[in-house]
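This report refers to the structure that appears directly beneath it.
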Amino acid sequence: MATKARIEVKPVAGALGAEIRGVDLHQPLDEDTRLALRKALLDHLVIFFPEQNLDNVALKRFGKSWGELVTYDFSPTLDEDADVVELAASAGKTADVWHTDLTHQPNPPLGSVVTMVKLPAVGGDTMWLNQYLTYEGLSAPVRQFVDGLTALHEYPEDLKKNIKRAGADPGRGAEVPVVCTHPETGRRFLYVNRMYTTRIPQLSPSESKAVLEMLFTHCEDPRNVVRYRWSEGTTAVWDNRCTQHCVVNDFVGERIIRRVTIGGGEVAGDASPWENYEPRAPSVRSMMGLG
């Protein structure tokens with residue numbers, strides 16, 4: 001039987017993030033509660049549910065309330081449950097580079113639902129950043145410039161080698177507009193990240209490297225960020241389309257999360273795909289109409 005909840009939404013930072021209380025995620029959600037949680041996610045981009053302690057059944061059911069669950073190649077799913085990914089990390093072995101999940105895929109995820117199973121004694125926080133703010137924080141000339149660009153997203157080189165070693169094809173990657181429009185909110189956001197974004201094909205290699213580094217650094221401004229201190233049993237949901245995240249790699253011991261991934265995160269913008277990736281890429285000056 002669906003549970004009708006009176007939820008409380010409490011922001012945890014100025015840029016993004018909110019804690020949600022007053023809902024039991026072990027129970028099916030009624031439609032009003034489901035819609036209220038979706039609004040909270042669209043407003044705050046990442047939402048946290050303390051003290052839920054979800055098992056795999058409840059984690060999957062809650063994940064399905066957001067959309068279809070999907071898995072991707074090389075995700076370490078549990079033998080007993082192919083929809084649930086367990087990520088066990090020890091010191092020095094965690095995703096401590098800013099990224100949006102799987103932007104190199106033609107069908108990236110809408111978001112993820114994770115539950116914190118085990119924490120180290122100290123540390124192991126996760127940070128998220130708000131890609132709406134990163135776009136809105138650019139000066140008007142730079143916004144106009146990047147509005148017309150696309151970017152190539154690919155597997156990182158070390159992961160690409162592991163995939164080839166396993167006898168699989170890492171694929172060509174994806175070309176995506178640098179600026180996208182959120183299909184539900186209508187807001188524009190930057191869609192680049194250090195882990196997967198490798199090249200702006202409209203620019204020369206040196207120009208591309210410089211512009212991407214400028215955008216990465218701009219995105220990672222602490223004013224765009226929430227840093228969340230986990231408790232065991234907390235569940236989180238984030239909108240993968242308009243955020244980046246990374247783990248703070250400051251812990252000793254084991255850190256275990258379980259995750260389900262929500263499909264349907266394809267993004268679009270105004271910039272058209274670039275047919276000619278290498279020869280005679282126009283300069284930044286010509287792209288800005290300066291010569």
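So in the UniProt record's numbering, spot 266 of the sequence shown is number 266, and the numbers just go up one at a time.
Idealized CB from N, CA, C, for every residue including glycine.
- Across the structure, Ala82 and Thr261 are spaced so that their CA atoms are roughly 11 Å apart.
- Residue environment for Ser208: buried (at least 16 other C-beta atoms within 10 angstroms of its C-beta).
- Burial is judged here by how many other beta carbons sit within 10 angstroms of a residue's own beta carbon; Thr217 has fewer than 16 and is exposed.
- Secondary structure of Gln202 (DSSP, three-state): coil.
- In this structure, His26 is the residue among Ser231, His26 and Ala210 with its C-alpha nearest to the C-alpha of Asn56.
- When the Cα atoms are used, Ala268 and Gln202 turn out to be separated by approximately 18 Å.
- Exclusion of the five residues before and after Ala13 leaves Val226 as the residues of its chain whose Cβ lies within less than 6 Å of its Cβ.
- Thr103 sits close to Ala174, with the two beta carbons spaced by under 9 Å.
- Inclusion of Arg188 and Thr181 in the CB contact set at 9 Å is warranted, their separation being smaller than that value.
- With a threshold of 16 other beta carbon atoms within 10 Å, Met127 meets it and is buried.
- The residue among Val179, Trp98 and Lys60 with its C-alpha nearest the C-alpha of Thr115 is Lys60.
- In the DSSP assignment, Val122 falls outside any beta strand (DSSP E) and carries neither an H nor an E.
- A distance below 6 Å between beta-carbons, with the five flanking residues on each side excluded, links Pro11 to the following residues of its chain, in chain order: Ala18.
- The alpha-carbon of Arg258 is positioned some 43 Å away from that of Pro141.
- Asn224 is not a Cβ neighbour of Leu138, given a cutoff of 9 Å.
- If you draw a straight line from the Cα of Pro177 to the Cα of Ser272, it is about 7 Å long.
- Judged by DSSP in its simplified three-state form, Arg187 adopts coil rather than helix or strand.
- For Ile20, the enclosing beta strand (DSSP E) has its first and last residue at Ala18 to Arg21.
- Take Val146, set aside five residues on each side of it, and the residues of its chain with a beta-carbon closer than 6 Å to its own are Val178 and Val179, in chain order.
- Taking 9 Å as the cut-off, the Cβ atoms of Thr94 and Asn249 count as close.
- Straight across, the Cα-Cα distance linking Asp125 with Met195 is about 19 Å.
- Taking all protein chains in view, the Cβ of Gln52 is crowded by 16 or more other Cβ atoms within 10 Å, so the residue is classified as buried.
- Distance from the CA of Lys160 to the CA of Glu68, rounded to the nearest whole angstrom, comes to 27 Å.
- Note on Glu154: 16 or more other CB atoms within 10 angstroms of its CB, so buried under the neighbour-count rule.
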